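Per our numbering, residue 4 is the first one in the sequence shown, and the count goes up by one each step.
Heads up, the beta-carbon is just placed ideally off N, CA and C, and yes, glycines get one too.
Quick caveat, the model's predicted, so the values are computed rather than measured.
Since the structure comes first, as structure tokens, the remarks are kept for the end.
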Amino acid sequence: MNLAVYSHCTIDEIYIDGNLYERPGGPACYCGVTAKKMGFDVVLHTKFGSDYTNTEYLKKNKIKFENAHSELNTTRFRLEIKDSERILWIKNLCEKIDYNKTRADGILISPVFDEISLDVLEKLKSDSNFIVLDPQGFLRRKGQDGLVSFERTNIDLEGVNVLKSDPNEVYQLTGIEGIEGAKILRKKVEHLLYTNKRDVSLFYKDRQYSISLPNIEIYDTVGVGDIFTATYCCAMLKEKDPLWALSFAGGAAQAALESKQVGLDKIPEKGETQVNASYYYNIMKFKEV
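Structure follows, in structure tokens:
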């Protein structure tokens, strides 16, 4: 099976406990490598500049990318992480990603900062029967000194099969906070993934399915949401079982956090994910909504 990922590759300056780690990142990398470890053929639709030094890593993982080189430097972020909280600055923005006719079993669209237009999103909806959207990059705005904030934004979700969101994104999309906002979104998409730190939910049909990640010491959280989303996408495409996909996605997130690794090194192998997934499948809770 194959997955197309639309997102920028990035260079992340990650500050943890006063230490700086400069790492390649972005959903293009995190989602692409995660999907590859799930056995998928992966094509990235992305842009990066001559300052990007991670192309050999992508090639080694047999991840395809074409027409990705830009005359502009790579999108670059600064992130300060403390436990599950983080502050984000954007330091450089590469060029936008154009629409290309895409034939894939699934398309995962996860902009980091305005590199995908709403027009491109609309066109991509017709290119696959399984569209997965993480809307974060449509909602982010650049403030003083590059500090990233969020702004209420209308996005047409018709044609989106899976929407990944957190409490802040739910509010920016609906104007309503928390679970009540999530209940509005779940009427617009078939699968709504709602992540609130350790608590993870799937709204599917008339039920909310929930799991809780273990209360472990958290080190680097960058990319964990991308790992979660890509794992859910791949598991759904393969197994057609939302509950197993949620268990698998939770298992991948747990394995990534438990690794205590920084950057792409935290992406787990499929075997690690599967052990955790079996546990979550057996303890999952649900309620009618």
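Pair within 8 Å by beta-carbon distance, residue i and residue j
i	j	result
residue 277	residue 254	yes
residue 36	residue 64	yes
residue 225	residue 82	yes
residue 203	residue 216	yes
residue 222	residue 14	no
residue 376	residue 80	Residue 376 is absent from the model: the chain starts at 4 and stops at 292.
residue 43	residue 71	no
residue 100	residue 84	no
residue 284	residue 246	yes
residue 154	residue 166	no
residue 126	residue 160	no
residue 275	residue 248	no
residue 267	residue 26	yes
Presumed contact (8 Å Cβ cut-off) between residue i and residue j, rounded CB distance
i	j	result
residue 175	residue 156	6 Å
residue 60	residue 77	Residue 60 to residue 77, Cβ: 14 Å. No contact.
residue 206	residue 292	7 Å
residue 38	residue 12	Incorrect: roughly 15 Å between the Cβ atoms, too far for contact.
residue 230	residue 270	6 Å
residue 148	residue 131	That pair is no contact at about 39 Å.
Environment of residue i [buried if 16+ CB atoms lie within 10 Å]
i	result
residue 286	exposed
residue 146	exposed
residue 90	exposed
residue 279	buried
residue 40	buried
residue 122	exposed
residue 150	exposed
residue 184	buried
residue 68	buried
residue 28	buried
residue 144	exposed
residue 152	exposed
residue 96	buried
residue 47	buried
residue 164	buried
residue 289	exposed
residue 23	exposed
residue 10	buried
residue 73	buried
Residue of the options minimising C-alpha distance to residue i
i	options	result
residue 137	186, 74, 227 and 54	227
residue 8	114, 92 and 79	114
residue 210	282, 5, 260 and 189	189
residue 87	30, 267 and 169	169
residue 239	251, 16 and 24	251
residue 235	260, 268 and 133	133
residue 6	106, 85 and 75	106
residue 139	120, 172 and 160	172
residue 214	208, 256, 49 and 243	256
residue 4	182, 21, 23 and 110	110
residue 103	95, 25, 128 and 187	128
residue 162	186, 17, 187 and 124	124
residue 193	179, 243, 178 and 181	243
residue 208	201, 112 and 187	187
residue 212	263, 98, 182 and 45	182
Continuous beta strand (DSSP E) stretch holding residue i: start and end
i	result
residue 286	From DSSP, residue 286 is part of no beta strand (DSSP E) but of the alpha helix (DSSP H) over 273-286.
residue 165	165-168
residue 202	202-207
residue 235	From DSSP, residue 235 is part of no beta strand (DSSP E) but of the alpha helix (DSSP H) over 227-242.
residue 141	Element bounds for residue 141: not the beta strand (DSSP E) but the alpha helix (DSSP H), 139-142.
residue 48	44-48
residue 297	Only positions 4 to 292 of the chain appear in this structure, which leaves residue 297 out of reach.
residue 79	78-85
residue 136	134-136
residue 7	5-9
residue 13	13-19
Unbroken alpha helix (DSSP H) run spanning residue i, endpoints
i	result
residue 250	245-261
residue 295	Past the boundaries of the shown model lies residue 295; the chain is included only from 4 to 292, so the question cannot be answered.
residue 58	58-63
residue 211	Looking at the DSSP string, residue 211 is not in any alpha helix (DSSP H); the run it does join, the beta strand (DSSP E), is 210-215.
residue 185	181-188
residue 125	121-127
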